[in-house]
Amino acid sequence: MRGEAVLVAVSCGSETDALGDEVPQTRAVEVGNVLVAPGAASGTGGDNRPDGRWERYTLYLPEDWDGDVSGGTVTVRGTVCRVVGVPAHWPDSPTGWRWVVEVEATHG
4 MRGEAVLVAV
14 SCGSETDALG
24 DEVPQTRAVE
34 VGNVLVAPGA
44 ASGTGGDNRP
54 DGRWERYTLY
64 LPEDWDGDVS
74 GGTVTVRGTV
84 CRVVGVPAHW
94 PDSPTGWRWV
104 VEVEATHG
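What follows is the structure, given as structure tokens:
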């Protein structure tokens, strides 16, 4: 089984803006061999935007991933998705995928 590449936004410090406030900076890191499973429409909890749509995925990141995606974004198949909840670590997985991450994006 082979996964696909996604882009994970990781923190790389901060800069100070013109008003003296710190602005967090991120950079995109490509993570390969990620299994991407489409999310179920029933998992959206209802949508009050009849002309909009949800995009949800469950991502299985490989065991060698050691970054933190909590509260961040992941670009999946060209769509920037926000991470939902806290990623689950599965250290005893019988496969090469140890992280389970749910992501979503809304359109419209």
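Each residue of the sequence shown is one higher than the one before, counting from 4 in our numbering.
Heads up, the beta-carbon is just placed ideally off N, CA and C, and yes, glycines get one too.
Opening and closing residue of the beta strand (DSSP E) in which residue i lies
| i | result |
| --- | --- |
| A21 | Segment: none, A21 is in no beta strand (DSSP E) and carries neither H nor E. |
| R30 | 25-41 |
Residue(s) in a DSSP beta bridge with residue i
| i | result |
| --- | --- |
| A12 | A31 |
Beta-carbon proximity list for residue i, same chain, < 7 angstroms, skipping 5 on both sides
| i | result |
| --- | --- |
| T109 | G55, W57 |
| P90 | V72, S73, W102, V103, V104 |
| W68 | V34, W102 |
Chain C contact for residue i (CB, 8 angstroms cutoff)
| i | result |
| --- | --- |
| P65 | No chain C is present in this structure, which holds just one protein chain. |
Same chain only: Cβ atoms within 8 angstroms of residue i, ignoring 5 sequence neighbours per side
| i | result |
| --- | --- |
| E18 | E25, V26, Q28 |
| A21 | none |
Which listed residue (the options) has its alpha carbon closest to that of residue i
| i | options | result |
| --- | --- | --- |
| E66 | V83, M4, V37 | V37 |
| A40 | V86, L62, S96 | L62 |
Cβ shell of residue i (< 6 angstroms), same chain only, five flanking positions each side left out
| i | result |
| --- | --- |
| M4 | none |
| A44 | Low confidence applies to A44: its pLDDT is 48, below 50, so where it sits in the model is not reliable, and the reading given next is rough at best. No residues qualify anywhere along the chain. |
Q | Every unbroken beta strand (DSSP E) inside the region 57-105 [3 residues or more] | A | Fully enclosed beta strand (DSSP E) runs of 3 or longer: 76-79, 82-92.
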